[in-house]
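Visitor: Here you go, one structure.
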């Protein structure tokens, strides 16, 4: 990870997401609804639903909101039916971008995503054009100063795939997507609470961008993340200050 601070980039991304907190509840409600529709309303039997509920609780979402979203997903309450959609493309400097959406109108969504790509110097590609360059996995990130030995011992014992000590002192634990809840629970029981804990698409190669290129790429990412139908944006871009 020489040449940039992994921790600084993660904090920067989290800061951008926190700045859009007005949309967080809406996105989480969509995710809970779809997760319940696809895998049932019991979080003990539905890892995707459990993860969505955990995110909701972390954002102080009221329990009534969570319960209603689950019931809409299972059909106990009427509601909008959302479909999953993924769009892929390239940003500044050839950085790869993957955009995950939940939408009730794919025609609108694809037009909005394509417009954001073209307006801010990117190119929307075809299905699968960049997805192979990302790994679906769980990621837990510990701030600089965490004990690498403690994290590694607990993570490996819990079934984690890898533990990465970054040059800036931060520590990443990588898990299989389905193993994520168990590894997260085991680490927390060991007194190790990650600053970031989520299931993501992690780029297998990173593209470092500096100066004007970094500024342009940030504008593209902000535009995509600002779209109502967008749930997550994953990119290989690493932006230098």
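Residue numbers (the numbering used here): 289 to 529.
Ideal placement from N, C-alpha and C gives every residue a C-beta, glycine not left out.
1. Would you call residue 533 buried or exposed, if buried means 16 or more other Cβ atoms sit within 10 Å of its Cβ?
2. In the DSSP assignment, the beta strand (DSSP E) including residue 377 goes from what residue to what residue?
3. In whole angstroms, what is the alpha-carbon distance linking residue 361 and residue 368?
4. Looking at C-alpha atoms only, which residue of 466, 474 and 318 is the closest neighbour of residue 445?
5. Taking the beta carbon of residue 365 as the centre, do at least 16 other beta carbons fall within 10 Å, making it buried, or is it exposed?
6. Looking at residue 335 and residue 469, is the spacing between their C-beta atoms short of 7 Å?
7. Could you please give the first and the last residue of the uninterrupted alpha helix (DSSP H) stretch that includes residue 357?
8. Taking its Cβ as the centre, do 16 or more other Cβ atoms sit within 10 Å of residue 416, making it buried, or is it exposed?
9. If distances are taken between C-alpha atoms only, which option among 327, 326, 319 and 359 comes closest to residue 343?
10. By DSSP, does residue 420 sit in helix, in strand, or in coil?
11. Is it a yes or a no for the region 406-426 touching the region 500-510, going by three-plus beta-carbon pairs under 8 Å?
12. In the DSSP assignment, find the unbroken alpha helix (DSSP H) run with residue 490 in it and report its ends.
13. Evaluate residue 295 with the Cβ neighbour count: other Cβ atoms within 10 Å of its Cβ, from every protein chain shown; 16 or more gives buried, anything less gives exposed.
14. How would you label residue 379, buried or exposed, when you count the other beta carbons within 10 angstroms and need 16 or more for buried?
15. Can you tell which of 477, 448 and 431 has its C-alpha closest to the C-alpha of residue 455?
16. Count the other CB atoms, across all protein chains shown, that sit within 10 Å of the CB of residue 352; report buried if there are 16 or more and exposed otherwise.
17. For the region 427-469, list the beta strand (DSSP E) runs that are entirely contained and at least 3 residues long, ordered along the chain.
18. Output needed for residue 466: all residues of its chain with C-beta closer than 7 Å, excluding positions within five of it in sequence on either side, in chain order.
19. Figure out for me which residue from 316, 356 and 521 has the closest Cα to the Cα of residue 385.
Guide: For this structure:
1. This structure leaves residue 533 out entirely; the chain is present only between 289 and 529.
2. 371-378
3. 9 Å
4. 474
5. exposed
6. yes
7. 351-362
8. exposed
9. 319
10. helix
11. yes
12. Per DSSP, residue 490 belongs to no alpha helix (DSSP H); it is in the beta strand (DSSP E), 484-491.
13. buried
14. buried
15. 431
16. exposed
17. 450-453 and 459-463
18. 335
19. 521
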